[in-house]
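When the count follows the working numbering, it moves up by one through the sequence shown with no breaks and lands on 488 for the last residue.
See structure below.
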Amino acid sequence: YQRRVRGKFRSWMAAAGTDTWEAAAAQVWDGLGQEQPRAMPIDSLKTRFFKLGIQVGLTMNMFVVSILVMILAQNNTGAVYQLSLEYYPTFRALFLICLFLGCYGVDLFVWKRLGLDYRQVLGVSHNHNYHFLIGASLSLAVLVFVAFAMYVLTLTLNLTPNKHVWPIAALVVVFGFMVLPLDLWSEWKGKEQRYQLLYTFGAVLLSPLSTLSFGRGLIADVLTSMPKVFSDLLFTGCLYASGEAFDDQWDENTHSFVRGEICNDHSPWYKAAHLVLSVLPFWIRLVQSLRGYGDHGGKKDLANFLKYSCSISVVVLSFQSKESAAVHAGWVLMSVVSTVYAFVWDCLMDWGLGPRTVMTRVHGHARERHAIKPGWVWSAVCFNAAARCGWAIYISPDQTVAKQHTILLLACLEMLRRAQWIVLRMEWELEHRRAISALEPVAVVRSGSEEQAKHTSDSDLEESLVHEPLDSTCEHS
Numbered sequence: 012y013q014r015r016v017r018g019k020f021r022s023w024m025a026a027a028g029t030d031t032w033e034a035a036a037a038q039v040w041d042g043l044g045q046e047q048p049r050a051m052p053i054d055s056l057k058t059r060f061f062k063l064g065i066q067v068g069l070t071m072n073m074f075v076v077s078i079l080v081m082i083l084a085q086n087n088t089g090a091v092y093q094l095s096l097e098y099y100p101t102f103r104a105l106f107l108i109c110l111f112l113g114c115y116g117v118d119l120f121v122w123k124r125l126g127l128d129y130r131q132v133l134g135v136s137h138n139h140n141y142h143f144l145i146g147a148s149l150s151l152a153v154l155v156f157v158a159f160a161m162y163v164l165t166l167t168l169n170l171t172p173n174k175h176v177w178p179i180a181a182l183v184v185v186f187g188f189m190v191l192p193l194d195l196w197s198e199w200k201g202k203e204q205r206y207q208l209l210y211t212f213g214a215v216l217l218s219p220l221s222t223l224s225f226g227r228g229l230i231a232d233v234l235t236s237m238p239k240v241f242s243d244l245l246f247t248g249c250l251y252a253s254g255e256a257f258d259d260q261w262d263e264n265t266h267s268f269v270r271g272e273i274c275n276d277h278s279p280w281y282k283a284a285h286l287v288l289s290v291l292p293f294w295i296r297l298v299q300s301l302r303g304y305g306d307h308g309g310k311k312d313l314a315n316f317l318k319y320s321c322s323i324s325v326v327v328l329s330f331q332s333k334e335s336a337a338v339h340a341g342w343v344l345m346s347v348v349s350t351v352y353a354f355v356w357d358c359l360m361d362w363g364l365g366p367r368t369v370m371t372r373v374h375g376h377a378r379e380r381h382a383i384k385p386g387w388v389w390s391a392v393c394f395n396a397a398a399r400c401g402w403a404i405y406i407s408p409d410q411t412v413a414k415q416h417t418i419l420l421l422a423c424l425e426m427l428r429r430a431q432w433i434v435l436r437m438e439w440e441l442e443h444r445r446a447i448s449a450l451e452p453v454a455v456v457r458s459g460s461e462e463q464a465k466h467t468s469d470s471d472l473e474e475s476l477v478h479e480p481l482d483s484t485c486e487h488s
């Protein structure tokens, strides 16, 4: 026994590249996003996690400062007020994209710590990890923040001769990052991951023509939390395409721009495009539900279709809510219905929370365990309910309840809500698959012909379940 133990210790020390027990004990095994774990010093691992903490902290600090500047820009005096009337939507969209990338990186870290095999569900490689996502989000946030700071300083101190350069620079940085052929994070094959994301995003836009998968449905769900990003990018593209960004003149007396009426809802073409892009995320998810019903014929897909139909009605009614009191009342009613519907769906269908009888009837089984502590789960339920209260206002592009800076805060809240929703959604998906796979062998035996069932006793059935190889049963299934 001692020889076997010494042999194992020697093998361990040889794999760790050390010749002493003390040196081997000072190392740990970690994959760092790679498929095969490898030995590395504890100090090196601590340094990496310290860097991750610094990256997350810097990203959040820059984001908070940007939010404060945007809120102050709502005052109807001063040069910074120009920000809220011109490039405010541009920087808001870019910061929200960077924020969600960071939140998703934190989600990957949480899944890793909980032991949830998200790679199996999403169909991604081991290179898809929080090291890459958090590093990428920090890099983008730094570059966007620098452009934002230079733009604000140009408005206030005339730091640079042309204020239009910095919003363009921020846009080029973010979208250039996605298509840049260089492998900036070669350790985790960053170029391959970025191109895979673009491919999946294109497949999502082609819904329902493309095949529906859990990962594509998850991306579409994320897009439903970002309708403001679509409309903000529309406004930015219109400013540059029409030339209004370069032909405007700032009136110091009236604190307003003197320019054309192309890039606002007074233009029929712009209003039509605004409506289409505001509805687009929900439309994608709606047609995905129809595709799911066509593929599987499940009633849950029809219920999901109804949920996104309610969301689309909220968006459409908001465009006409100023026209009459009846339309505004309809918008309020549908906002309440859609919010309650979405909240119940989150808890019951997406997270698997509810009475055992209801869960068994809806999903075919009840939840048996929680990978996440119940206290955290119910905290997420309460946060989800609170964040949903402002959700209808956030997705309504033509509402008059909240101002622009309030919409920014609601957008940040929605990003955080979606991030915690994803954590629980993945946890329930794995639990659901585990329960279904556990029920399948029993279903196979019970689905035999009635003629054979008549001649099979209970003891024979039990013996067949014990002695029949699992692989052959699954293959038959």
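We put the CB at the ideal spot given by N, CA and C, even for glycine.
Computed from a predicted model, the values in this text were never measured in an experiment.
Can you say whether Ile447 is buried or exposed, counting buried as having 16 or more other CB atoms within 10 angstroms of its CB? Exposed: under 16 other Cβ atoms inside 10 Å.
If you measure from the beta carbon of Leu209 to each beta carbon in chain D, is any gap under 8 Å? Here chain D cannot be found, since the structure has a single protein chain.
In whole angstroms, give me the CA-to-CA distance for Phe102 and Tyr206. 24 Å
Which residue from Ala398, Met426, Arg429, Ala382 puts its Cα closest to that of Glu442? Ala382
From this set, Phe212, Thr235, Ser236, which residue's C-alpha is nearest Gly226's C-alpha? Phe212
Please confirm whether His285 and Leu245 have their CB atoms less than 8 Å apart. It is a contact, given that the beta carbons lie within the stated cut-off.
For Ser114 and Leu427, which I take to be in contact (beta-carbon distance under 8 Å), what is that distance rounded to the nearest angstrom? Here the sequence assigns Cys to residue 114, which means Ser is not the residue at that position. Right, their Cβ atoms sit about 7 Å apart.
Output the residue ranges of the alpha helix (DSSP H) runs that lie fully inside the segment 291-333 and measure 4 residues or longer, sorted by chain position. 310-330
Do you know whose CA, among Leu297, Pro238, Leu301, lies nearest Leu107's CA? Pro238
Beta-carbon proximity check, Met345 vs Ser324, cutoff 8 Å: yes
Can you grab the Cα-Cα spacing for the pair Pro100 / Glu379, in whole Å? 45 Å
Specify the secondary structure class of Trp362 as computed by DSSP and reduced to three states. coil
Return the CA-CA distance between Glu203 and His142, expressed in angstroms with no decimal places. 15 Å
Is it buried or exposed for Trp280, if we count other Cβ within 10 angstroms and need 16 for buried? Around the beta carbon of Trp280, fewer than 16 other beta carbons sit within 10 angstroms, so the residue counts as exposed.
Just the C-alpha distance for His376 and Trp362, rounded to the nearest angstrom, thanks. 13 Å
Assess contact between the segment 139-155 and the segment 176-184, defined as three or more Cβ pairs (one per stretch) separated by less than 8 Å. Is contact present? Contact between the segment 139-155 and the segment 176-184 is present, because at least three Cβ pairs lie under 8 Å.
Please classify Ile273: does DSSP put it in a helix, a strand, or coil? Reduced to three states, the DSSP call for Ile273 is coil.
Excluding five sequence neighbours on each side, which residues of the same chain lie with their C-beta closer than 7 Å to the C-beta of Asp232? Arg296
What separation, rounded to the nearest whole angstrom, lies between the Cα atoms of Ala34 and Leu125? At Ala34, the pLDDT of 49 sits below 50, so the modelled position is not reliable; the number obtained from the coordinates is stated separately. Cα to Cα, Ala34 sits roughly 29 Å from Leu125.
Can you say whether Val351 is buried or exposed, counting buried as having 16 or more other CB atoms within 10 angstroms of its CB? exposed
Ends of the alpha helix (DSSP H) at Pro238? 238-253
Cα-Cα separation between Asp128 and Ala430, rounded to whole angstroms: 17 Å
Taking only three categories from DSSP, how would you classify Pro192? coil
For a test of the three-state rule: what should DSSP assign to Leu450, helix, strand or coil? helix
So, with DSSP's three-state summary, where would you put Arg9? No answer is possible for residue 9: the residues shown for the chain start at 12 and end at 488.
Measure from the alpha carbon of Val348 to the alpha carbon of each residue in Cys321, Leu424, Pro408, Ala336, then state which is nearest. Cys321
Buried/exposed call for His371, threshold 16 Cβ in 10 Å: Note that residue 371 is Thr in the sequence shown, not His. When all chains shown are included, Thr371 counts as exposed.
Output needed for Thr165: all residues of its chain with C-beta closer than 6 Å, excluding positions within five of it in sequence on either side, in chain order. Thr171, Lys174
Is Glu486 helix, strand or coil when you go by DSSP? For Glu486, the pLDDT reaches just 37, beneath the cut-off of 50, and the residue's location in the model is therefore unreliable, although a value from the coordinates is still provided. DSSP places Glu486 in helix when its eight states are reduced to three.
Have a look at Lys318 and Leu168 and give me their C-alpha separation to the nearest angstrom. Rounded to whole angstroms, the separation of the alpha carbons of Leu168 and Lys318 is 49 Å.
Please state whether DSSP places Asn395 in a helix, a strand or coil. helix
Of the choices Val176, Leu112, Tyr304, Ala353, whose alpha-carbon is the least far from that of Ala256? Val176
Would Ser460 be called buried (16 or more neighbouring beta carbons within 10 Å of its own) or exposed? Its pLDDT being 42, under 50, Ser460 is placed unreliably by the model, and the measurement read from it follows with that caveat. Exposed, since its Cβ has fewer than 16 Cβ neighbours within 10 Å.
Tell me which residues share the same chain as Trp356 and place their Cβ nearer than 7 Å to its Cβ, disregarding the 5 neighbours each side in the sequence. Residues of the same chain with a CB within less than 7 Å of the CB of Trp356, apart from the 5 flanking positions on each side, are Lys318 in chain order.
Note down the Cα distance separating Val455 from Ala449, rounded to an integer number of angstroms. Annotation note: pLDDT 39 at Val455 (below 50); position unreliable, coordinate value reported separately. The alpha-carbon separation between Val455 and Ala449 amounts to approximately 11 Å.
Buried or exposed for Gln131, going by 16 or more other Cβ atoms inside 10 Å? exposed
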